[in-house]
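Novice:
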Amino acid sequence: QKEVEQDPGPLSVPEGAIVSLNCTYSNSAFQYFMWYRQYSRKGPELLMYTYSSGNKEDGRFTAQVDKSSKYISLFIRDSQPSDSATYLCAKTNTGNQFYFGTGTSLTVIP
Amino acid sequence: EAQVTQNPRYLITVTGKKLTVTCSQNMNHEYMSWYRQDPGLGLRQIYYSMNVEVTDKGDVPEGYKVSRKEKRNFPLILESPSPNQTSLYFCASRTPSGNTDTQYFGPGTRLTVL
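Quick mapping for you: the protein sequence lines, in order, are chains A and B. If you want my numbering, it's the position in the first sequence, counting the first as 1, plus 904. If you want my numbering, it's the position in the second sequence, counting the first as 1, plus 1298.
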């Protein structure tokens, strides 16, 4: 079983829509969860991180972790064409070993 | 400008011909790491280094070597490349003070092994 499972999409939404991206993970010992955004032909860049359970909000982005169901979510409000990218969820326990999902490709149509 | 650089950006080689992909960071980060990215498999960690002369295996270390002789450099060595090592490779670095610090990724190296 993979450490992190992510629906690859692709996901296509109209501008202004609310986007929900989801991952599941298999080992409840992991405590730090991250979302990375990767534009085409670029390296991933950290978007948000959360520790343990709960929500974290940053502008139009909300990251949510539900440890009881081992579910990680990223919500994007008022999506923009510039949000079109691949979104990767990730987890780490010690900050040394990282496990990434396969990524979800998102296109926001103007 | 704070950055992670990788060279070469693109490389086509043949099976068995030793190669090195260089990685350098100018942020004085202690932690560096190598990943490979493949369709359907995502980003997988190859090796990481917590400091000079301190390296450890990630999820998929087979067929790779690394060295960390200087803080800023973390080369990835393929002693005898094989076609299954055809992939997009990323180097990353971050400060060690907490798991939530930003991991900065390089621009990637696309390697094709024929």
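Even glycine gets a Cβ: it sits at the ideal position worked out from N, Cα and C. From a predicted model like this one, the values you see are computed outputs, not experimental measurements.
Does GLU961 of chain A get closer than 9 Å to chain B when you measure Cβ to Cβ?
Specialist: no
Novice: Per DSSP, what kind of secondary structure is SER1380 of chain B in: helix, strand or coil?
Specialist: coil
Novice: Does any C-beta atom of chain A lie closer than 9 Å to the C-beta of ARG1342 of chain B?
Specialist: It does; some Cβ of chain A falls within 9 Å.
Novice: Using DSSP's beta-bridge definition, name the partner residues of ILE1375 of chain B.
Specialist: B:THR1318, B:LYS1363
Novice: Closest to GLN1401 of chain B by C-alpha separation, out of B:ASN1326, B:TYR1362, B:ILE1310, B:ARG1408, would be which residue?
Specialist: B:ASN1326
Novice: Taking the straight line between their C-alpha atoms, what separation do you get for ASP1357 of chain B and LYS995 of chain A?
Specialist: 13 Å
Novice: Note down, in chain order, each residue of its chain lying with its Cβ closer than 6 Å to the Cβ of ALA1300 of chain B, except the 5 sequence neighbours on either side.
Specialist: MET1325
Novice: Is DSSP giving SER924 of chain A helix, strand or coil here?
Specialist: strand
Novice: Please report the straight-line C-alpha distance between SER957 of chain A and VAL1312 of chain B, rounded to a whole angstrom.
Specialist: 47 Å
Novice: Out of A:TYR953, A:GLY947, A:GLN905, A:LYS906, state which residue places its alpha-carbon closest to the alpha-carbon of PHE979 of chain A.
Specialist: A:TYR953
Novice: Would you mind telling me which residues of chain A sit closer than 8 Å to PHE1372 of chain B, beta carbon to beta carbon, in chain order?
Specialist: Here the premise fails: no neighbours, minimum Cβ distance about 14 Å.
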